[in-house]
Amino acid sequence: MFVQTPALAVKISSQTVCAIKSAYHLSGNRIGSALAWAVRGGSARAARRAAQRALLQYTREGTLPAADALLTIGPHMLLADQLVFLAKYCEFHRLYKNRDFKAAGKLLISLLTSKITPDYFWETLLLDTLPLLESDTVIFSAEETCDTMALLAHKGRSLSEEKTELLRLALVRNLARASLAPSEE
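Taking full-length UniProt numbering, the leading residue of the sequence shown gets 1, the next gets one more, and so forth.
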């Protein structure tokens, strides 16, 4: 027999209200608000839906909704893999914008090699490597460059031939530079 305490009933009611508010904001394309309500209610399902919508919006429009909130989300990002990915991708953009290219590159490689990258986001991640590959300083090690080459071969099928060739050329040049650069380890 299940006995429901008043505190548990309030918690369940609160979570339900937050999930409904998240869905409401998502239906109005207010992704930042939807994310906030999902996190507030601790709803993995609502967080997953809102994070996925944010990533899809980024692939279409190039803007990350609620980027500031995502940078301060902390452990709440663990509600859903999509939310972890979205928060880490926002962090990558913050590092890149602040010209911390080494840290941005490490985080980008981490995202590329993670098992949580949505299929529709591979093109975006692979293209994000281009400016770092063409940087004056070597950002990616030879090993990281080889890993990215393998990912391009397996996951870059949606890229146009021109973009694929541009990436291949940048990867080969970076591999040569990384092979000649002194090791930092």
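Even glycine gets a Cβ: it sits at the ideal position worked out from N, Cα and C.
No experiment lies behind these values; they were computed from the predicted model shown.
Stretch-stretch touch, CB-based, cutoff 8 Å, three pairs: the stretch 66 to 80 with the stretch 24 to 44: yes
Cutoff 6 Å; reference Met138; Cβ partners in own chain excluding five residues on either side: Residue 138 sits at position 138 when you count from the first residue of the sequence shown. Strictly speaking, residue 138 in this sequence is Val, with Met absent from that position. Taken in chain order, the residues that qualify are Arg177, Ala178 and Ala181.
For Gly156 and Thr122, the rounded distance between their alpha carbons: Here residue 122 is taken as the residue at index 122 of the sequence shown, counted from 1. Here residue 156 is taken as the residue at index 156 of the sequence shown, counted from 1. It is Trp, not Thr, that sits at residue 122 in the sequence shown. About 7 Å.
Inter-stretch contact at 8 Å, needing at least 3 Cβ pairs: the stretch 107 to 119 / the stretch 69 to 78: no
Secondary structure of Thr148, DSSP reduced to three states: Your numbering for residue 148 matches position 148 in the sequence shown. Reduced to three states, the DSSP call for Thr148 is helix.
Inter-residue CB distance, Leu152 and Leu125 (contact presumed, cutoff 8 Å): Indexing the sequence shown from 1 puts residue 152 at position 152. Indexing the sequence shown from 1 puts residue 125 at position 125. The pair is not a contact, with the Cβ atoms about 10 Å apart (cut-off 8 Å).
DSSP state of Ser13 mapped onto helix, strand, coil: Position 13 of the sequence shown holds residue 13. Three-state result, Ser13: helix.
Inter-residue spacing [alpha-carbon to alpha-carbon] between Thr59 and Ala34: For the purposes of this step, residue 59 is taken as the residue at position 59 of the sequence shown. For the purposes of this step, residue 34 is taken as the residue at position 34 of the sequence shown. About 19 Å.
Residue span of the alpha helix (DSSP H) that contains Glu165, given as start and end: Stepping through the sequence shown from its first residue, residue 165 is reached at position 165. Here the alpha helix (DSSP H) through Glu165 covers Glu161 to Leu180.
Nearest to Ala36 (by Cα), restricted to the options Asp68, Gly62 and Ser13: Counting from one through the sequence shown, the residue named residue 36 turns up at place 36. With distances taken between Cα atoms, Ala36 lies closest to Asp68.
C-beta contact flag for Tyr96 and Ala104 at 8 Å: Residue 96 sits at position 96 when you count from the first residue of the sequence shown. Residue 104 sits at position 104 when you count from the first residue of the sequence shown. Closer than 8 Å, so yes.
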